[in-house]
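Residue numbers (the working numbering): 78 to 148.
Next comes the structure, spelled out in structure tokens:
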């Protein structure tokens, strides 16, 4: 059964806010998922764009690439 805990990463260590219910030396599997705020954080990196924001803006607003030009 998964347990979700929050931690703060500081000086190379994850510091848990509360103790965990495990025995000493018990092995566990850990998945780390950064907490992000806002919708831009949810979509950040989906396209893998390596250019600058101005080029993306021009492409998004250019009528040549609009939905009316689609087949």
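We put the CB at the ideal spot given by N, CA and C, even for glycine.
- Take the alpha-carbon of residue 85 and the one of residue 101: they are about 22 Å apart.
- When only Cα atoms are considered, residue 91 and residue 137 end up about 40 Å apart.
- DSSP places residue 85 in the uninterrupted beta strand (DSSP E) bounded by 84-87.
- Boundaries of the alpha helix (DSSP H) around residue 131: 130-138.
- Between residue 105 and residue 93, the C-beta spacing is not below 7 Å.
- When rounded, the separation of the alpha-carbon atoms in residue 123 and residue 78 is 30 Å.
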